[in-house]
Amino acid sequence: MELIKLLLVFSIITPAIGGLLAYVLGIYVDKKLSFLSSSVASVISFLIIVFLYIPISSEGALYVPLEITGLLAFEFYLDSFSYIFAVLTSFIWMFATIYSIEYMKMEHSVPRYFLFLLITLSVDLGVIFAANFLSIYVFFELLALFSLLLVIHEQNKEAYEAGKVYYYTCVFCGVLLLVGLLLLYFKTGSLKVYELGVGLEKLGYIKYVILIFIIFGFGGKAGIFPVHIWLPKAHPIAPSPASALLSGIMVKAGIYGIFRVLYDIIVPLQGLIVKPVGVFLLLIGVITANLGWLLALYQDNIKTLLAYSTISHVGYITISIGSFAYLGLEGVFALSGALYHVINHGIFKSTLFLVAGIVYVEENTLDINKFNFLWQKMPLSFFISLISIGGLMGLPLFNGFISKTLIHHSLIHLMEIEGIFFHLIEILFMLSAGGSVAYSLKFISGTFLTAGEAINNRRKFDVKIKIFLAFLPIIILLIGFFPNTILEAFIAPVLSELNVPLGGLEHLSFYSIETVKSSVLSLFIGLPLFYYFTKENRIFPKKLNLVELNRILYERFILLIPKALLNIENKFKNILTRFFGILVTRLVNLGEPTDENSSRYSERMVEPYLRRIPVGGEYLASHKYESVGLRFLNLIRGSSIEFENDESKKPFLAEVITILLSGLLEKILDRLILPLLLYPVLFIQRELRVLLGKEDVFEVKNRFSEMKRSIKPVSPKLGTISFSLFAVSLVLALYMLYLAIVNVL
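Mapping of the sequence shown onto full-length UniProt numbering: residues 1 to 745, in sequence order.
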C-alpha cells in the first residue's frame with residue numbers, strides 16, 4: 001500500500017520533473033530531446049494513474065496524510081469520484097503534449113512552452129488529489145499563474161490583453177474562494193473535504209453565503225456566468241494544444257471544485273441543506289448554456305466559436321450539478337449525467353481545438369470566411385471534426401448523446417417532483433441543445449464545406465500526428481456505441497460510494513424512441529437557428545443584441561475588477577497584517593499571548609502606516625521605516641535599546657515589519673519572478689554578467705529592462721492579494737509534496 005501511495009505522489013511530480021528536464025535539454029542540448037522528455041513524462045503520469053484504478057476499485061480510496069495538523073493539515077486523497085477527473089486530465093494532456101511536438105516545430109520558446117505545459121499538468125493533478133480545501137486552494141492559485149504563462153506564450157499585444165483579462169478574473173475569483181474558505185474554517189474548524197457536510201449542517205444561513213463564495217471562486221476557472229469573460233479572450237490567443245487543455249480540461253478544475261463541495265455535503269447529509277443552492281446552480285446553468293450558444297453563432301474565428309461553445313457546455317454540467325444538489329441521493333441521473341458530460345466534453349472539445357490548430361498551421365488563418373472547401377485538402381481532419389461535432393451536437397451513436405440524455409432525464413425527474421419552474425428549466429435546456437446544433441453546423445460547414453478565399457499554405461501538418469489524433473474520434477464512437485462501459489467502469493463506483501440507489505438508471509435504454517426524440521427535437525430547433533444566424537446574415541435587434549451587451553459587460557467587468565480587488569485588498573490588508581503581526585509577535589514573545597490593551601494599541605498605531613502605503617504595495621521604504629525595522633531586528637537580537645523593555649510596542653513593530661516584508665515580496669515577485677519565468681536564460685545571463693563585470697553588461701541590462709516593460713501589462717499590481725498569495729501557494733505546494741514523499745518513504 002505504501003508503494004501505491006508513493007505512485008500517487010509521483011503521478012503529480014513526474015510531469016513537473018519532465019518539464020524541467022525538457023527545458024534544460026531543449027536549451028542546452030537539442031530541441032528534439034525536449035519533445036521526447038515532455039512526451040515520456042506525460043505518458044508515464046497517465047500510465048501511473050491508469051494503474052491506480054486497480055487499488056481504487058479493489059481497496060477503496062487512497063489517503064496520504066502528511067505529518068502536520070491544524071489549518072495546515074495537507075493531505076492527498078484519491079477516491080472514485082476524483083479518479084474520473086484525474087484519468088481524463090492525464091489522458092487528454094498526453095494527447096496534447098504529443099500533438100505539441102508537431103505544432104510547436106516552427107514556434108518560438110519551445111522549451112519554455114513544454115516546461116509550463118507539464119508544470120500545469122502537475123498543478124492540475126494537485127487540485128484533483130488534494131484532500132482538503134486549503135490544499136485545493138494552494139494548487140488552484142498555482143494553476144492560475146502557470147496557465148497564464150501558456151495564454152501569453154505568443155507575447156504580442158493580443159496575448160497580453162487576454163492574459164490580463166484571464167489573470168484579473170482568476171485573482172478576483174481566487175479572493176472570493178479564499179474568503180469562502182476562511183469563513184468555512186472559522187465556522188466549522190475544518191477544511192477536510194470529507195468532513196464538510198457535517199460541519200455545515202450546524203450553521204445557519206451563513207452556510208449559503210459560504211457556498212456562494214466557494215461556487216463563484218471555483219466558477220471563475222470553470223467559466224460560469226458572469227465570470228466567463230476570459231474564455232473567448234484566452235482560448236483563441238493561446239497555442240492550440242494549450243487552448244484544447246484550457247477548454248477541455250482546465251475548466252474542469254473549476255467544475256471539480258464546485259462538484260467536490262456539493263458531493264461532500266450530499267454524502268453525509270443526503271442533500272438536506274443544499275436545495276436552495278441547487279436552484280441557484282440551475283439558474284446559473286441555463287443562463288450560461290444559452291448565453292454560450294447565442295454568442296457562438298456571431299463568431300467568425302473558429303477558436304472563439306469553440307470557446308463560447310465551452311461556456312455553453314459548462315452550463316450543461318452546471319445544470320446537472322444543480323439537479324444533483326436539489327435531488328440529493330435521488331439524483332442518480334443528474335450525478336451520472338454531470339460526470340459523463342465531464343468526460344465527453346473533455347474528449348470532443350479538446351479534439352476540435354486540436355483540429356483548429358491543424359487548420360491554422362496549414363492555412364495560417366482562423367477566419368471561417370476564408371476557408372475554401374478544406375474537406376478536399378484535409379480529408380482526415382474533416383473526418384475527425386465530423387465525428388467530434390456529432391458528439392458536440394449530441395447526436396445518437398456519439399458520446400455527447402449519452403450524457404445529454406442523462407441530464408435531460410434528471411430534469412424530467414425534477415419536473416415530475418416539483419412542476420412548472422423546472423419545466424421552464426427543461427425548455428431552456430432544450431433550447432440550448434438546439435443552439436449547440438446551430439453553431440456546430442456553422443463550424444463544420446464554414447470550415448470545411450464552403451467556398452472562401454484561396455490561401456497559400458504555410459506548411460503541412462505531419463500526417464502521423466493526424467493519425468494519432470484520430471484515436472480520439474474513435475473513442476467518441478465507442479462510447480456512443482457502448483455507453484454502459486463508462487457507466488460501469490467509472491460512474492458506478494461513485495454511485496456505490498454514495499450508496500445512491502440506481503433507480504431507473506439500470507433499466508434505462510439510451511436508444512429508445514423517447515431518448516432519440518429529444519435529439520431530433522434539438523435538430524428541429526437548431527436548423528432554423530443556423531439558417532437565421534448564418535444563411536440570411538440577419539442583424540440582431542440592437543436592443544437585444546447580446547454580443548453588444550456582452551461587450552459592455554466585458555468592458556465594465558474589466559474596469560470593475562481592479563477597483564473591486566483594490567477595495568478588497570484595502571479591507572483585508574489590516575486583517576492580513578494583524579494576522580502575520582500576531583504570528584511574529586508570538587515568536588518574539590516565545591509563545592506568550594499579548595494582552596488586549598497591547599492589541600488595541602497595535603491597531604491604532606499601524607493605521608497611519610497602512611494609509612501611507614500606495615495601493616498595490618509598490619513603494620520604497622523611507623528612513624523612518626528603515627529605522628523602525630532596524631529597531632525591531634535589534635529588539636529580536638536582545639540589543640539594549642530604548643524599545644527593549646517596552647512590551648506594548650512589540651505587536652506594533654511586528655505589524656510594521658510585516659508590511660515591509662509583504663511590500664518587498666510583491667516587488668520581488670512582480671519585477672523578478674515573472675521575468676525569470678518568461679526569460680530565464682536572459683535573466684541568469686544578466687545576473688552572471690553583472691556578477692562577473694562583463695563589458696556588455698549595460699546592453700544586457702537594457703534588453704532586460706525592455707523585456708520587463710513588455711510583460712508589465714500582464715500582471716495586475718495587487719500586492720498581497722495576488723503575487724504574494726501565489727508565492728505562499730508555491731512554497732506550500734512544494735512543502736506538501738516533500739512531506740508526502742518523506743511520509744510515504
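Every residue, glycine too, gets a C-beta built ideally from N, C-alpha and C. Here the structure is a predicted model, which is why all the values come from computation and not from measurement.
The continuous stretches of alpha helix (DSSP H) do not include residue 78, which lies in the beta strand (DSSP E) extending over residues 75 to 78.
The Cβ-Cβ distance between residue 247 and residue 310 falls below 8 Å. According to DSSP, residue pairing for residue 130 in a beta bridge involves 76.
With a minimum length of 4 residues, the unbroken runs of alpha helix (DSSP H) contained wholly in the segment 213 to 299 fall at 231 to 237, 240 to 245, 251 to 269, 275 to 296. When rounded, the separation of the alpha-carbon atoms in residue 217 and residue 257 is 9 Å. Taking the C-beta atoms as reference points, residue 315 is found nearer than 8 Å to residue 432.
Its chain contains 381, 384, 385 as the residues whose beta carbon lies nearer than 6 Å to that of residue 355, once the 5 sequence neighbours on both sides are disregarded; these appear in chain order. DSSP, reduced to helix, strand and coil, places residue 208 within a helical segment of the structure shown.
Excluding five sequence positions before and after residue 250, the CB atoms of its chain that fall closer than 8 Å to its own CB belong to 120, 124, 143, 147, 221, given in chain order. Of the residues assessed, residue 152 falls on the buried side of the cut-off, its CB having 16 or more other CB atoms within 10 angstroms.
Taking the C-beta atoms as reference points, residue 331 is found no nearer than 8 Å to residue 103. In the pairwise beta carbon analysis, the segment 345 to 354 is classified as touching the segment 466 to 479: at least three pairs are separated by under 8 Å. Following the DSSP letters along the chain, one finds residue 396 in no alpha helix (DSSP H), marked with neither H nor E.
Assigned with DSSP and collapsed to three states, residue 64 falls in strand.
Out of 116, 181, 75, the CA that lies nearest to the CA of residue 93 is found in 116. Taking the CA atoms as reference points, residue 259 sits about 21 Å from residue 229. Proximity to residue 63 across 308, 97, 132 peaks at 132, based on C-alpha coordinates. Excluding the 5 residues flanking it on each side, residue 406 has same chain C-beta neighbours closer than 7 Å at 333, 336, 337, 340, in chain order. Residues 398 of the same chain have their beta carbon placed closer than 6 Å to that of residue 390, with the five preceding and five following residues left out of the count. Residue 301 carries a strand assignment under DSSP once its states are collapsed to helix, strand and coil.
A contact is defined here as three or more CB-CB pairs under 8 Å, and the segment 437 to 447 meets this definition with respect to the segment 289 to 303. Positions of the alpha helix (DSSP H) runs, each at least 4 residues long and wholly inside the segment 394 to 482, are given as 399 to 418, 420 to 444, 463 to 469, 471 to 481 in order along the chain. Between residue 373 and the set 15, 451, 90, the nearest pair of CA atoms involves 451. In this structure, residue 282 sits near residue 322, with a CB-CB distance shorter than 8 Å. The three-state secondary structure of residue 30, taken from DSSP, is coil. Separation of residue 209 and residue 187 (C-alpha to C-alpha, rounded to the nearest whole angstrom) is 12 Å. For residue 376, the enclosing alpha helix (DSSP H) stretches over residues 374 to 377. It is roughly 46 Å from the alpha-carbon of residue 206 to the alpha-carbon of residue 478. Note on geometry: alpha-carbon atoms of residue 400 and residue 345 lie some 7 Å from one another. Taking 8 Å as the cut-off, the Cβ atoms of residue 465 and residue 387 do not count as close.
Straight across, the Cα-Cα distance linking residue 160 with residue 172 is about 18 Å. In the DSSP secondary-structure assignment, residue 367 is bridged to 301. Taking 8 Å as the cut-off, the beta carbon of residue 34 is found closer than this to the beta carbon of residue 111. Residue 483 is classed as buried because its beta carbon has at least 16 other beta carbons within 10 Å across all chains shown. Rounded to the nearest whole angstrom, the CA to CA distance from residue 317 to residue 429 is 11 Å.
Non-local beta-carbon contacts of residue 459 in its own chain, meaning distances under 8 Å to residues more than five positions away in sequence, involve 106, 361, 362 in chain order.
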